[in-house]
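**Q**
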Amino acid sequence: MAKNYIAVDLGATSGRVILAKVSGEALEMETIHRFPTPLLQIGGRYCWNIYSIYDDIVKGLTIVGQRGVKVESIGVDTWGVDFVCVAKDGSLLGLPRSYRDPYTEGIPEKFFRKMPREELYRRTGIQIMNINSVFQLYAQHKEGSEALENARTILFMPDAVSYLLTGKAVCEYTILSTSALMDPRTKKIDKDILNVCHVKAKRFPSVVYPGDKVGRLSAELAEKTGLGKVNVIAVAGHDTGSAVAAVPALSEGFAYLSSGTWSLMGIETREPVINEKMYRLNFTNEGGVGGTTRLLKNITGMWLLEQCLVKWRSEDKNYSYAEIARLASECEKSADLIDPDAPEFASPTDMPAAICKYCKDHGFAVPADDAHIMRLIYDSLAGKYAEVFHNLEAIAPFRIEALHIIGGGSQNELLNQMTADACGVTVVAGPAEGTALGNVMIQARLSRKDINKFIDTKIFKPSTK
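Residue numbers for the sequence shown follow numbering that gives the first Met the number 0, so the first one is 0 and each next one is one higher.
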């Protein structure tokens, strides 16, 4: 008998409410409602419009309710590191700050005066990045944030959405693991790190794990949506955690690349790997489903192309992704590569101009036109993937037999082939809906073996030429 589940999948540019129908013979997913996840600039601060996001989620749930579909449960996943402050009366204390906000620039260096960089990594095993929750907390403390000072509870983004749906506050393990606040060996928040940020550990709710129940849809929403008091389940709240759960690999000998606005490449290990080499390579140890560790590297992904498209569309140049692939393939391979993770590309107002300036400043050939910018982005991403992949090969406790690309970027056949060539490994592309699929898998308690019969993948072999 088929059962229905709802996956709320929120990315840093758009969100979706997805209805999944699962039976022994098939798994069908339908996007019920797609919507932007607005990034607002108010008073020089970049914030998420969580109220607009909530409203769109409720719209999606209501559409399902109007169909009269019996839903088993709802699961929520989002991007990592960002958080919401909740007041004593249960209301939200303003809009949550975005990791795109430059307010953390220079903050890590100030934090390291209180706790050395090496010590923070030893305690958390998390890649040092400006966007980490620990640096956002420290930055807000230095600003004298009223929201942080008056917060009774601090909730990471997926937990904040679940809280708005149920009224229950939890701290899901995989999303907590992105924060650089948690000891991955004990899976507990490190109070010494929080003390540097002048934040008490009691502000974070009890930790729950993928598959645990958060609560039921509130009475108000149960009636408004027509769904009744449906269970809300903690999935892997970090979208990459849910995506990796859906990698269609039946042995441990694989690496994964979750490809979207961000690219995250890594392997699964049974225990965190925290040592001098990992520190030098700046690899991160994040929580996975079933007690695994996702040993990975965060890489700026399709953000560069997405932001170029924003600029080009403002100039009435509406390139389709198929057209971009064609134009890029018609250009010669780029002689020089840009670093997708360079700070110049974090939040420029004009990405094509930022790329050209980077090339000029570094003595590289400046792209002649849009097509050459497209090709440069693809070549640079493939080159960065190869660099990280070869580092993974050197540290993995097993032979990596394939690289599984999941997420929206897995549909980019040109980049898939370029990645296979650059890494010298077989690329298995798909599923494109990896995050939503993993979200549903956790709710329905499906295994990788179960989902292999439901999905199709494409294979890209390294070119022999």
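For glycine and all other residues, C-beta sits at the position ideal for the given N, C-alpha and C.
1. Going residue by residue through the region 102-166, where are the continuous beta strand (DSSP E) segments of at least 3 residues, counting only ones entirely within it?
2. Checking the sheet assignment: what are the DSSP bridge partners for Glu267?
3. Report the three-state DSSP secondary structure of Asp182 (helix, strand or coil).
4. Go ahead and label Lys383 buried or exposed: buried means 16 or more other beta carbons lie within 10 angstroms of its beta carbon, across all protein chains shown.
5. To the nearest angstrom, how far is the alpha carbon of Ile372 from that of Ile354?
6. Among Ile130, Glu314 and Arg121, which residue has its Cα nearest to the Cα of Tyr102?
7. Any idea if Asp54 is buried or exposed, counting beta-carbon neighbours within 10 angstroms, 16 or more meaning buried?
8. Please classify Ser51: does DSSP put it in a helix, a strand, or coil?
9. Could you check what DSSP says for Tyr318 in three-state terms: helix, strand or coil?
10. Would you report the Cα separation of Glu267 and Arg293, rounded to the nearest angstrom?
11. Have a look at the DSSP bridge pairing and note the partners of Val75.
12. For the 8 Å Cβ check, are there 3 or more pairs between the region 37-57 and the region 109-128?
13. Does the pairing of the region 393-402 with the region 336-348 give three or more beta-carbon distances under 8 Å?
14. What residue from Glu117, Ile49, Phe459 and Ser257 has the CA that sits closest to Ser97's CA?
15. Short check: CB of Ser72 to CB of Asn230, under 8 Å?
16. Would you mind reading off the limits of the alpha helix (DSSP H) that contains Glu412?
17. Assuming Asn390 contacts Met128 under a Cβ cut-off of 8 Å, what Cβ separation, rounded to an integer in Å, is found between them?
18. Taking only the alpha-carbon atoms, compute the straight-line gap between Asp368 and Asp238 and give it to the nearest angstrom.
19. So, helix, strand or coil for Asn438, using DSSP?
20. Identify, in the order they occur along the chain, each residue of the same chain with its Cβ nearer than 8 Å to the Cβ of Pro461, setting aside the five sequence neighbours on each side.
21. Please determine, among Glu104, His197 and Ala364, the residue with the shortest C-alpha to C-alpha distance to Ala150.
22. Could you tell me how far apart the beta carbons of Pro209 and Met156 are, in whole angstroms, since I believe they sit closer than 8 Å?
23. To the nearest whole angstrom, what separates the beta carbons of Asp189 and Thr260, a pair I think is in contact under 8 Å?
24. Assuming contact is defined by CB atoms lying nearer than 8 Å, are Val70 and Tyr172 in contact in what I supplied?
25. By the 10 Å Cβ neighbour count, where 16 or more other Cβ atoms means buried, how is Asn411 classified, buried or exposed?
26. When burial is assigned at 16 or more other CB atoms within 10 Å of the CB, is Ser205 buried or exposed?
27. DSSP three-state call for Ala248: helix, strand or coil?
28. Look at Ser379 and Pro339 and say whether their C-beta atoms are less than 8 Å apart.
29. Applying the 10 Å Cβ sphere with the 16-neighbour rule, what's the burial state of Glu285?
30. Residue range of the beta strand (DSSP E) that Glu331 falls in?
31. Assuming Gly433 and Ala242 form a contact by the criterion Cβ under 8 Å, report the distance between their Cβ atoms to the nearest whole angstrom.
32. Which same chain residues, not among the five before or five after Lys212, have their C-beta less than 7 Å away from its C-beta?
33. Measuring straight from C-alpha to C-alpha, what distance separates Ala1 and Asn451?
34. Determine the extent of the beta strand (DSSP E) in which Glu27 is found, giving its start and end residues.
35. Can you give the beta carbon distance from Asn415 to Ala428, rounded, assuming they're within the 8 Å contact cut?
36. List the endpoints of the continuous alpha helix (DSSP H) containing Ser379.
**A** This is what the structure holds:
1. Here the runs fully enclosed are 152-155.
2. According to the DSSP secondary-structure assignment, Glu267 is paired through a beta bridge with Arg293.
3. DSSP places Asp182 in strand when its eight states are reduced to three.
4. Its Cβ being crowded by 16 or more others within 10 Å, Lys383 is buried.
5. One alpha carbon belongs to Ile372, the other to Ile354, and they sit about 8 Å apart.
6. Answer by Cα proximity: Ile130.
7. Classification for Asp54: exposed.
8. In the structure shown, Ser51 sits in a helix (DSSP, three-state: H, G or I).
9. Tyr318: coil per DSSP, three-state reduction.
10. Straight through space, the alpha carbons of Arg293 and Glu267 are spaced by roughly 5 Å.
11. Note: Val75 sits in a beta bridge opposite Val7.
12. Below 8 Å, too few C-beta pairs join the region 37-57 and the region 109-128 to call them touching: fewer than three.
13. Verdict: no, contact absent.
14. Here the closest residue by C-alpha is Ile49.
15. For Ser72 and Asn230, yes; Cβs fall inside 8 Å.
16. Counting along the chain, the alpha helix (DSSP H) containing Glu412 begins and ends at Glu412 to Cys422.
17. Contact between Asn390 and Met128 fails: their C-beta atoms lie close to 17 Å from each other, not under 8 Å.
18. Distance from the CA of Asp368 to the CA of Asp238, rounded to the nearest whole angstrom, comes to 35 Å.
19. Secondary structure of Asn438 (DSSP, three-state): helix.
20. Taking C-beta separations shorter than 8 Å and ignoring five residues to either side along the sequence, the partners of Pro461 in its chain run Ala419, Asp420, Cys422, Gly423, Val424 and Thr425, following chain order.
21. Ranking Glu104, His197 and Ala364 by Cα distance to Ala150 puts His197 first.
22. The pair is not a contact, with the Cβ atoms about 16 Å apart (cut-off 8 Å).
23. So it is not a contact: roughly 29 Å between Cβ atoms.
24. Contact flag unset, no.
25. Asn411 is buried by the Cβ-count criterion.
26. Within 10 angstroms of the beta-carbon of Ser205 lie fewer than 16 other beta-carbons, which makes it exposed.
27. When DSSP states are grouped into helix, strand and coil, Ala248 belongs to the coil group.
28. In this structure, Pro339 lies closer than 8 Å to Ser379 by Cβ.
29. That one is buried.
30. Following the DSSP letters along the chain, one finds Glu331 in no beta strand (DSSP E), marked with neither H nor E.
31. Between Ala242 and Gly433 the Cβ distance is about 4 Å, and since that is below 8 Å, they are a contact.
32. Short of 7 Å from the beta carbon of Lys212, and not among the five residues preceding or following it, lie these beta carbons of its own chain, in chain order: Asn230 and Ile232.
33. Distance between the alpha carbons of Ala1 and Asn451 is about 18 Å.
34. Element bounds for Glu27: Leu26 to Pro35.
35. Approximately 5 Å separates the beta-carbon atoms of Asn415 and Ala428; this is inside 8 Å, confirming the contact.
36. Ser379 -> alpha helix (DSSP H) spans Asp369 to Ile394.
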